[in-house]
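Quick note: the sequence shown uses our numbering, first residue 3, plus one each step.
Report on one structure; see the data block that follows.
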Amino acid sequence: MLGRLLTIVEPDQIHFLQEPPIVQLTDIRINDLPPEGLQDEITWATNLTELKNIHRTYDDNTLSFGFVAIDYSDPTSTQLKYKMDGIDEDWVLLEKGAPGFARYPKMPEGSYTFQILGANSDGVWAKDPYLLKITVDPPYWRTLWFRTLVGTGIFMVVSLFFFLWIWRVREKEQLNTRVAENKLAALRAQMNPHFIFNSLNSINGFILGKKTTEASNYLVRFSKLMRMILDFSRQPFVALEEEIELIRLYLEVEGMRLKIPFSYDIRVSEELDPFEVQVPTMVIQPFIENAIVHGLSSKAEGEGRVEVEILEENNQCLKCIIRDNGIGRQKAAAIQAQKGRKHQSHAMEINRERLALLSKGTGMTFTFSVEDLTDNQGAPTGTQISMLLPYH
Numbered sequence: 003m004l005g006r007l008l009t010i011v012e013p014d015q016i017h018f019l020q021e022p023p024i025v026q027l028t029d030i031r032i033n034d035l036p037p038e039g040l041q042d043e044i045t046w047a048t049n050l051t052e053l054k055n056i057h058r059t060y061d062d063n064t065l066s067f068g069f070v071a072i073d074y075s076d077p078t079s080t081q082l083k084y085k086m087d088g089i090d091e092d093w094v095l096l097e098k099g100a101p102g103f104a105r106y107p108k109m110p111e112g113s114y115t116f117q118i119l120g121a122n123s124d125g126v127w128a129k130d131p132y133l134l135k136i137t138v139d140p141p142y143w144r145t146l147w148f149r150t151l152v153g154t155g156i157f158m159v160v161s162l163f164f165f166l167w168i169w170r171v172r173e174k175e176q177l178n179t180r181v182a183e184n185k186l187a188a189l190r191a192q193m194n195p196h197f198i199f200n201s202l203n204s205i206n207g208f209i210l211g212k213k214t215t216e217a218s219n220y221l222v223r224f225s226k227l228m229r230m231i232l233d234f235s236r237q238p239f240v241a242l243e244e245e246i247e248l249i250r251l252y253l254e255v256e257g258m259r260l261k262i263p264f265s266y267d268i269r270v271s272e273e274l275d276p277f278e279v280q281v282p283t284m285v286i287q288p289f290i291e292n293a294i295v296h297g298l299s300s301k302a303e304g305e306g307r308v309e310v311e312i313l314e315e316n317n318q319c320l321k322c323i324i325r326d327n328g329i330g331r332q333k334a335a336a337i338q339a340q341k342g343r344k345h346q347s348h349a350m351e352i353n354r355e356r357l358a359l360l361s362k363g364t365g366m367t368f369t370f371s372v373e374d375l376t377d378n379q380g381a382p383t384g385t386q387i388s389m390l391l392p393y394h
C-alpha cells in the first residue's frame, strides 16, 4: 500500500481557459508575390496587426493572407475562421492547429472587409474579430472621371461636327444669296437699257418731227426718270413712296411717247406707310409697261386706263393689283401674229426671273398671276395682274 499513489480530482476546481488567442497577420501577398517594393499602405517595419486598410488597383487584385492565433498555453490546439464580406456568404472554419491561409483571386472592384476570429484549445472564440478594410479600384475606363472625360469629349466632337455642319449650311445659304443678288443686279442692269432704248427712240421721233417743245418736256421727265432708275439700280429695295413716284414718272413719259389717250390711278391702303415700307426695286413698273404697250397701245376705241392698287394682304406682305382696260392678251397675240413675229416681253420675263430669285435669296415668297378680264358676253375687257410682295 505504501507504493501506491492516490489521485483525487475535484471537478469544481478545474479551470478552463477563458482568454481567446490573439489573431495576427503573418503574411500578405499581392498577385501571389510579396509586396516589397510596391507602393502600398503596408509598412513592414511595424506589426501587421496594426494594418487596418489596404487600397489596391484593379490589376493588383489577387490577395493572399497568412495569419495565426497566438495562445502560449496550447498553441497547437487553436482554431481559426475567416470571412471576406462581399465575397464569402459564411465563415470559413479551419481545422484545429491548421495554419491560417486565405486566397482571393481577381477580386472585383469594390469595398470589402476581411475578418478573422480565433479560438483557444477550449473552444473559446474571440468576441471581436480582426478587421482589415480592403478597397479595389475599378479600371480607369470604368471610373467616373474617365466616363465624364469621354462623355465630354464625345459631346465636344458631336458639337464641333454640328457647328461645322451649321456653318457649312449657312455658308452655302450665303453663297446662294450672293449668287441670287448678283443675278438680280444683272437683271436690273438689263431692264435699264430696255427702257432707255424705247425712250431714246421717242426723243428721236420728236426731234425728227421738229417738235422741240415736246422733245424738251419729254427729255426733262425722261432725265428725271433716268436718274431715279440709275439710283435704284444700285439698291435691291426702295421705299414704296419712291417706287410709286417712279411709276408716275414712267406713266407720264409713256403717255407722251405713245401718244395714246389714257389715264391712270394709283391707290395705296391707308394701313400702309409708303415711306417706311420697303419693296424690291422696279418690281411693279415692268407689269405696268406690259399693260400699256401690249394692252392699251392697240386699243381702237375709248380712253385707256391703268389702275394700280396696293393693299396689305397680311402681316409683312403687300398685294399689288394692276388692272388695264386694254385689248387683252389673246387679241394682242393675234395682232403680233399678223405682223409676222411672235412677241416676247423681255421686261415680263426678266421680272418673272427676278421674283423667283428674290424668293430664293430672301426665303420669302414673291408671286404674281395674270387674269383675263371679260364682260358678260365673254368679250375681253382688259387684263389684271395680282402680285404678292413681302416687304421690310
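In this text, a Cβ means the ideal position worked out from N, Cα and C, and glycines have one as well.
Based on the DSSP output, what are the partners of residue i in its beta bridges?
i    : result
R31  : S66
S300 : S300 is not bridged to any residue.
M86  : F116
T53  : According to the sequence provided, residue 53 is Leu. The question's Thr does not apply to it. According to DSSP, which records beta bridges pairwise, L53 is partnered with nothing at all.
Y106 : L65
P392 : C319
I24  : I72
Q280 : A241
D326 : V308 and T385
V94  : Y84
I268 : V310
R58  : V138
If distances are taken between C-alpha atoms only, which option among the options comes closest to residue i?
i    : options                   : result
P282 : S235, N219, M158 and N63  : S235
E278 : V308, D374, E303 and Q318 : Q318
I32  : P276, T80 and R105        : R105
S299 : I337, E216 and S388       : I337
V70  : M228, I56, K98 and T64    : K98
F396 : C322, N378 and T64        : With the chain represented from 3 up to 394, any question about residue 396 goes unanswered, as that position is not in the structure.
W127 : S79, K135 and F165        : S79
L112 : T28, M86 and G330         : Reading the sequence as shown, one finds Gly at residue 112 and not Leu. The candidate whose alpha carbon is nearest that of G112 is M86.
D130 : F116, R58, P141 and W143  : F116
M366 : Y114, Y393, R58 and P36   : Y393
L177 : K362, P107, T215 and G68  : K362
N63  : S388, N219, K213 and D34  : D34
P276 : E314, A302 and I294       : E314
L133 : L65, E175 and K54         : K54
A100 : P110, P77 and K108        : P77
V295 : A335, F368 and N316       : A335
L65  : P107, F163 and G102       : P107
L96  : S161, G68, Y114 and T145  : G68
S201 : L251, A302 and T150       : L251
V310 : P110, L151 and Q386       : Q386
L360 : E351, S388, A381 and P238 : P238
L390 : K213, R354, H57 and I56   : R354
F103 : P140, L27 and G207        : L27
Rounded C-beta distance between residue i and residue j? I'm assuming under 8 Å.
i    : j    : result
V138 : Y60  : 6 Å
I118 : L82  : 7 Å
L232 : V255 : With 8 Å as the limit, L232 and V255 do not qualify as a contact, their Cβ atoms being about 15 Å apart.
A1   : Q280 : Because the chain spans 3 through 394 in this model, residue 1 falls outside it and cannot be assessed.
I312 : L274 : 7 Å
G297 : G384 : 7 Å
G330 : D374 : 6 Å
I198 : A217 : About 16 Å separates the two Cβ atoms, so there is no contact after all.
Would the C-beta of residue i count as close to the ligand FMN, meaning under 8 Å from any of its heavy atoms?
i    : result
S271 : The ligand content of the structure shown is nil, which means the ligand FMN is not present either.
Inter-stretch contact at 8 Å, needing at least 3 Cβ pairs: the segment 279 to 299 / the segment 230 to 250: Contact between the segment 279 to 299 and the segment 230 to 250 is present, because at least three Cβ pairs lie under 8 Å.
Unbroken stretches of the beta strand (DSSP E), 3 residues or longer, contained in the segment 352 to 390: 369 to 376, all fully within the segment 352 to 390.
Using 8 Å as the Cβ pair cut-off and three pairs as the minimum, do the segment 82 to 91 and the segment 166 to 182 touch? By the criterion of at least three beta-carbon pairs nearer than 8 Å, the segment 82 to 91 is not in contact with the segment 166 to 182.
Touching or not, the segment 319 to 330 and the segment 286 to 306, by the rule of three or more beta carbon pairs under 8 Å? In this structure the segment 319 to 330 touches the segment 286 to 306; the number of beta carbon pairs closer than 8 Å is three or more.
Quick test of the definition: if touching needs 3 or more C-beta pairs under 8 Å, does the segment 23 to 35 touch the segment 108 to 123? At 8 Å Cβ cutoff, the stretches touch.
Cβ contact check for the segment 255 to 273 and the segment 300 to 310: 3 or more pairs under 8 Å: Yes, since at least three Cβ pairs between the segment 255 to 273 and the segment 300 to 310 fall closer than 8 Å, the two stretches touch.
Identify every run of the beta strand (DSSP E) within the segment 121 to 175, keeping only runs that are complete inside it and at least 3 residues long; order them along the chain. You should have 132 to 138.
Could you give the uninterrupted runs of the alpha helix (DSSP H) lying entirely in the segment 218 to 265, keeping only those of 4 residues or more? Secondary structure in the segment 218 to 265: the alpha helix (DSSP H) runs of 4 residues or longer, each lying completely within the stretch, are 242 to 260 in chain order.
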